[in-house]
Ligand SMILES: [Zn+2]
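Chains as they are written, first to last, in the working numbering: chain B, 48 to 131; chain H, 247 to 467.
Below you can see the structure in the form of structure tokens.
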């Protein structure tokens with residue numbers, strides 16, 4: 048890929064996480080934004096990746112079982128009795 | 247203090263973190279219960295990056311908390327307490343993984359080609375080579391489809407578990423837990439670009455699953 052050859056959609060979809068992470072060189076990011084501005088397919092794809100990330104943010108985190116947490120607090124009590 | 251004194255190499259001490267550690271050292275059970283509840287979800291995801299099962303990951307987290315309880319005096323406040331606890335989780339996880347004879351090649355580069363079905367792009371003979379085909383271009387999800395987020399969320403939770411383990415771990419830590427990229431790289435000893443590759447591949451697979459779910463496109467023949 049040379050700076051003179053415009054980005055293809057196939058290249059753009061693989062660059063979107065680097066773009067969202069701010070990891071692209073400024074000139075590459077500018078070329079990507081130019082492509083997105085005129086390509087409904089890729090801008091839709093980016094919106095869907097962003098939606099996916101938003102949904103992931105709403106996934107319930109994994110919890111340690113309640114009984115295990117209680118057991119750990121009991122163990123902590125034994126290891127570090129409260130100071131008066 | 248001389249103005250010419252070079253800047254300290256270590257980051258500044260974090261007073262709130264030291265105060266929290268002091269409460270724990272003094273045996274403050276409520277403070278301990280609070281951080282166990284707050285950090286364990288992240289720790290489970292870190293542990294899962296090293297061991298084979300959810301049960302083993304719980305063992306790693308338990309052992310880490312006992313180790314943390316015993317070594318609080320060693321916390322110097324040069325990072326957040328959470329970062330310190332995650333580093334211990336990594337060490338315990340790695341040891342358990344080795345005992346399971348399970349060496350996940352975290353530093354191995356992942357280059358499985360494109361993340362989007364190549365059939366969706368025009369071929370090299372086409373004047374628009376590499377562009378979306380008419381049938382392949384993604385169709386925007388409608389507000390009605392996006393309103394089904396409750397179901398989509400259930401799907402997402404299930405599909406996350408089916409991702410290849412390294413992708414799953416990175417996506418969970420970054421997008422579910424909100425850990426920053428640098429912390430993920432430190433924990434698993436991977437480069438920033440490898441971290442982004444894993445994150446991208448995981449996100450792209452989940453996007454595809456959502457697309458199939460929302461029915462925006464017929465399944466590829
Ligand atoms: Zn495009």
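Backbone N, C-alpha and C define an ideal beta-carbon position, used for all residues, glycine too.
As the structure is a prediction and not an experimental result, all values here were calculated from the model.
Boundaries (first-last residue) of the alpha helix (DSSP H) holding residue i
| i | result |
| --- | --- |
| residue 311 (chain H) | 300 to 317 |
| residue 354 (chain H) | Per DSSP, residue 354 (chain H) belongs to no alpha helix (DSSP H) and is neither H nor E. |
| residue 290 (chain H) | 275 to 294 |
| residue 433 (chain H) | 427 to 434 |
| residue 65 (chain B) | 56 to 67 |
| residue 87 (chain B) | 87 to 104 |
| residue 413 (chain H) | 411 to 417 |
| residue 325 (chain H) | First-last for residue 325 (chain H): undefined, no H or E at that position. |
| residue 125 (chain B) | 113 to 126 |
| residue 407 (chain H) | Counting along the chain, residue 407 (chain H) falls outside any alpha helix (DSSP H), and DSSP gives it neither H nor E. |
| residue 448 (chain H) | 438 to 460 |
| residue 269 (chain H) | 261 to 271 |
| residue 390 (chain H) | 389 to 392 |
Residues that residue i contacts on chain H, provided the C-beta gap is smaller than 9 Å
| i | result |
| --- | --- |
| residue 61 (chain B) | 360, 361, 362, 446, 450 |
| residue 110 (chain B) | 283, 286, 287, 290 |
Bridge-paired residues (DSSP) for residue i
| i | result |
| --- | --- |
| residue 378 (chain H) | H:367 |
8 Å Cβ cut-off: residues of chain H touching residue i
| i | result |
| --- | --- |
| residue 55 (chain B) | 367, 375, 376, 377 |
| residue 129 (chain B) | 272, 273, 274, 275 |
| residue 126 (chain B) | 312, 315, 316 |
| residue 72 (chain B) | Those within 8 Å of residue 72 (chain B) in chain H number zero; the least Cβ separation is about 13 Å. |
Any non-hydrogen atom of ligand 3 closer than 6 Å to residue i Cβ
| i | result |
| --- | --- |
| residue 56 (chain B) | What this structure holds is ligand 1, not ligand 3. |
Within chain H, the residues that residue i reaches when beta carbons sit closer than 7 Å
| i | result |
| --- | --- |
| residue 68 (chain B) | 427, 442 |
| residue 119 (chain B) | 282, 308, 311 |
| residue 64 (chain B) | 442, 445, 446, 449 |
Contact list for residue i against chain B, beta-carbon separation under 8 Å
| i | result |
| --- | --- |
| residue 384 (chain H) | 88, 91, 92, 95 |
| residue 304 (chain H) | 111, 112, 115 |
| residue 432 (chain H) | By Cβ distance, chain B contributes nothing, its closest Cβ being about 16 Å from residue 432 (chain H), past 8 Å. |
| residue 266 (chain H) | Ordered by position in chain B, no residue passes the 8 Å Cβ test against residue 266 (chain H), which lies about 14 Å from the chain. |
| residue 419 (chain H) | Result: empty, since nearest Cβ-Cβ is about 11 Å, beyond 8 Å. |
| residue 395 (chain H) | 102, 105 |
Under 9 Å from the C-beta of residue i: neighbouring residues of chain B
| i | result |
| --- | --- |
| residue 403 (chain H) | 106, 107 |
| residue 387 (chain H) | 91, 94, 95, 98 |
| residue 331 (chain H) | Here the premise fails: no neighbours, minimum Cβ distance about 13 Å. |
| residue 321 (chain H) | What residue 321 (chain H) touches in chain B: nothing, since even the nearest Cβ is about 14 Å away. |
Contacts of residue i in chain B (Cβ-Cβ under 7 Å)
| i | result |
| --- | --- |
| residue 453 (chain H) | 95, 96, 99 |
| residue 423 (chain H) | 108 |
| residue 399 (chain H) | 102, 105, 106 |
Give, in chain order, every residue of the region 90 to 114 of chain B whose Cβ lies closer than 8 Å to some Cβ of chain H. 91, 92, 94, 95, 96, 98, 99, 100, 102, 103, 104, 105, 106, 107, 108, 109, 110, 111, 112
I want to know whether the region 90 to 100 of chain B touches the region 445 to 460 of chain H - three or more CB-CB distances under 8 Å. yes
Would the region 367 to 387 of chain H and the region 63 to 83 of chain B be scored as touching if the rule is three or more Cβ pairs under 8 Å? no
Cβ contact (3+ pairs, closer than 8 Å) linking the region 103 to 117 of chain B and the region 400 to 416 of chain H: yes
Cβ pair count under 8 Å reaching 3, the region 413 to 430 of chain H against the region 309 to 325 of chain H: no
Inter-stretch contact at 8 Å, needing at least 3 Cβ pairs: the region 391 to 399 of chain H / the region 262 to 272 of chain H: no
Can you pull out the residues from the region 74 to 88 of chain B whose beta carbon lies closer than 9 Å to at least one beta carbon of chain H? 86, 87, 88
Given 8 Å as the limit, is there contact between the region 432 to 448 of chain H and the region 309 to 317 of chain H, that is, 3 or more CB pairs closer than that? no
Are the region 110 to 124 of chain B and the region 77 to 97 of chain B touching, with three or more C-beta to C-beta distances below 8 Å? no
Evaluate contact between the region 284 to 291 of chain H and the region 300 to 310 of chain H, counting only Cβ atoms and requiring at least three cross-stretch pairs below 8 Å. yes
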